[in-house]
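Protein chains in written order, with the working numbering: chain U, 4 to 269; chain R, 72 to 471. Step one of this worksheet: look at the structure below.
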């Protein structure tokens, strides 16, 4: 039984929604990543999205771009990210970890080696921004063989006919991008998100996480009433950026706790 | 060889190409593909494109026999396809016009572009003015410095030039930023992509628009010398001028095709922009799978070339295929060789070539002496060198 499925099943039973924070691995430095992951779990995160730094993060706004640059300045490679996940797993056997990043580091490592190492390290899912289903059938099947889910994005611009093709390739959960634009953009239209998510549910029984544009307790709460999970990316990374190295773990933990209580509030 | 028919319906040139894009942009490239496939065979679209090329760009561009240059170096005769004589001074305008006509039909009033040397930015700013569209050009901050005259030209033409400070502050980063703009403004905006790379349909569409170069040459060469040239030589950054002149010749087996990459400080130095010659690994960047300069962890590495237009870590997917099937040969010319060729063309022919095109010329000068006088090399002189005055002056230690 996959950790991702377990988490969503358990939350559903208790009538709660998942909180999925994103941090870039190696930001602000490689030593902080595992403590940050544990702190986020302790504060109520149900699943961790771990960004794999890339030199050319085309789909990311300035906040996550800078996180990638900080991590790359510490030479954080895909191998090192997998090492961080393995380290995290020593103390946490339950919380799913999804890697989010771009295709080229995986291309460079090779699918089979990546999948083997990811499975050994305890990675549960992989979201590769620039692998649409059309280009990654082989990748999906290699990951599947190693018990790793492939998470795909759906966006406000995805046409209905295409939604089915994307959800057919997906496992674990669906990540609905609630905004046009790069990560960290502004102005979430909650009503529009609600109607799009409802439309996606016609095509799939997979849980739907909603992200891009969740910036405070209020938006987290609003989104949690629509999706099965709230993904908080740029806001979390911003907290990392604005914190001193000494405070970063505590500050991010506090942010996640605030979001958690907003989501859980009746 | 058999019938050459690429790309496939998904935009693949063998293992290369494709659509490696974030989901947010998939509908946009899909819509672009549908519209392009519709209009490329539309007689009215074709007629308007041909009309613009003739009366606005000034086509056909002539082919010129560089006799003094050929005599000086000895051996094969060097002919130049004069894309530098086009309006705006480079081949880039051919593609910019084609895409602007498509944008107009798709009802897009805002166009964006990335630019390296600035020639594609100038071409896009030009057509935006010509068709009354808003124009934003993304340009690496380093390129803004080294191509200042082109920045000024774009501004004169009414475009907004946005210097890109992220990453290596060159062409690839300008591409990233243009893609981010497109994701954000996808409904209002047409991305006029400058080279034969990126997600499908761009490599095919840009190639098709640039094929006017090779199609003309195939008619002009027999008029001039009674036959086709022995080799066609073109510089390759992303590779749009090269694919434009190569593609019509692909099934002419007697014509050798030679792509010239930027050797920078030399392939051995690692400081170059020659993924094909430098045997880079296959990778994914900017929407397509291509040979890509990267470190062992798959991070894109910074490239070096004296010429901003060639300073790019990838290369168009069709060139990757042409290399693999051995239909084209790829070589590298380093910075110094390019400068020597630049000087030679100024001195012997009274033509100031772009530093990009100087790479192609340098290879012609290198191989001409090894060939007989009856052999003919056709060099695509893809652009003029006015934009490079600052760079060349700096190299020569002159303050303008």
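Glycine included, every Cβ here is placed at the ideal spot set by N, Cα and C. Source: prediction; values computed, not measured.
- In this structure, the CA atom of residue 111(R) is about 36 Å from the CA atom of residue 109(U).
- Relative to residue 26(U), the option among 265(U), 252(U), 264(U), 261(U) whose CA is nearest is 252(U).
- Within the stretch 193 to 213 of chain U, no residue has a Cβ lying closer than 7 Å to any Cβ of chain R.
- Contact with chain U is absent for residue 350(R), since none of that chain's Cβ atoms lies less than 7 Å from the residue's Cβ.
- Against chain U, the beta carbon of residue 243(R) has neighbours under 9 Å at 58, 59, listed in chain order.
- Against chain U, the CB of residue 185(R) has no partner CB under 7 Å away; the residue lies outside that interface.
- In the structure shown, the three-state DSSP call for residue 177(U) is strand.
- Using a Cβ distance threshold of 7 Å, residue 157(U) and residue 179(U) count as a contacting pair.
- The beta carbon of residue 168(R) sits closer than 6 Å to the beta carbons of 123, 198 from its chain, once the five residues preceding and following it are set aside; these are given in chain order.
- Under DSSP, residue 403(R) takes part in a beta bridge, and its partners are 332(R).
- Distances from the alpha-carbon of residue 151(U) to those of 191(U), 115(U), 231(U), 87(U) put 115(U) closest.
- Within the stretch 197 to 234 of chain R, complete beta strand (DSSP E) segments of at least 3 residues are found at 205 to 211, given in chain order.
- Between the stretch 422 to 435 of chain R and the stretch 450 to 461 of chain R, the count of Cβ pairs shorter than 8 Å is three or higher; the stretches touch.
- Here residue 147(R) carries a coil assignment [DSSP, helix/strand/coil].
- Proximity of chain U to residue 295(R) at the Cβ level (cut-off 7 Å) is not reached, the minimal Cβ distance being about 44 Å.
- When C-alpha distances from residue 95(U) are compared across 84(U), 191(U), 135(U), 37(U), the shortest belongs to 37(U).
- Between the alpha carbons of residue 79(R) and residue 399(R) lies a gap of roughly 20 Å.
- Identification of residues in the stretch 77 to 96 of chain R having a C-beta nearer than 7 Å to some C-beta of chain U yields 81, 89, 90, 91, 92, 93, 94, 95, given in sequence order.
- By the neighbour-count criterion, in which a residue is buried when 16 or more other Cβ atoms sit within 10 angstroms of its Cβ, residue 167(U) is exposed.
- Assigned with DSSP and collapsed to three states, residue 50(U) falls in coil, not helix or strand.
- Residue contact with chain R for residue 16(U): absent (no Cβ-Cβ distance below 7 Å to any residue of chain R).
- DSSP places residue 292(R) in the uninterrupted alpha helix (DSSP H) bounded by 273 to 296.
- By a beta-carbon distance limit of 8 Å, residue 392(R) does not contact residue 116(R). Their separation comes to about 27 Å.
- CA-CA distance, residue 91(U) to residue 85(U), rounds to 10 Å.
- Per DSSP, reduced to three states, the secondary structure at residue 91(R) is strand.
- Across the stretch 222 to 255 of chain R, CB contacts with chain U closer than 7 Å involve 237, 238, 243, 247, 250, 251, 254, 255, in sequence order along the chain.
- Looking at the DSSP output, residue 155(U) shares a beta bridge with 177(U).
- In this structure residue 262(U) is in contact with residue 220(U), their Cβ atoms being roughly 6 Å apart against a cut-off of 8 Å.
- Bridge partners of residue 234(U) according to DSSP: 23(U).
- For residue 112(U), the CB contacts under 7 Å within the same chain, skipping 5 residues up- and downstream, are 81 in chain order.
- Residue 227(R) counts as exposed, since fewer than 16 other beta carbons sit within 10 angstroms of its beta carbon.
- By the Cβ criterion, the stretch 295 to 308 of chain R is in contact with the stretch 322 to 336 of chain R, since at least three pairs of Cβ atoms, one from each stretch, lie closer than 8 Å.
- Listed along the chain, the chain R residues whose CB falls inside 7 Å of the CB of residue 134(U) are 91.
- Residue pairing by DSSP places residue 365(R) opposite 371(R) in a beta bridge.
- At least one C-beta of chain U is nearer than 7 Å to the C-beta of residue 370(R).
- Cβ proximity to chain U below 7 Å picks out nothing from the stretch 417 to 439 of chain R.
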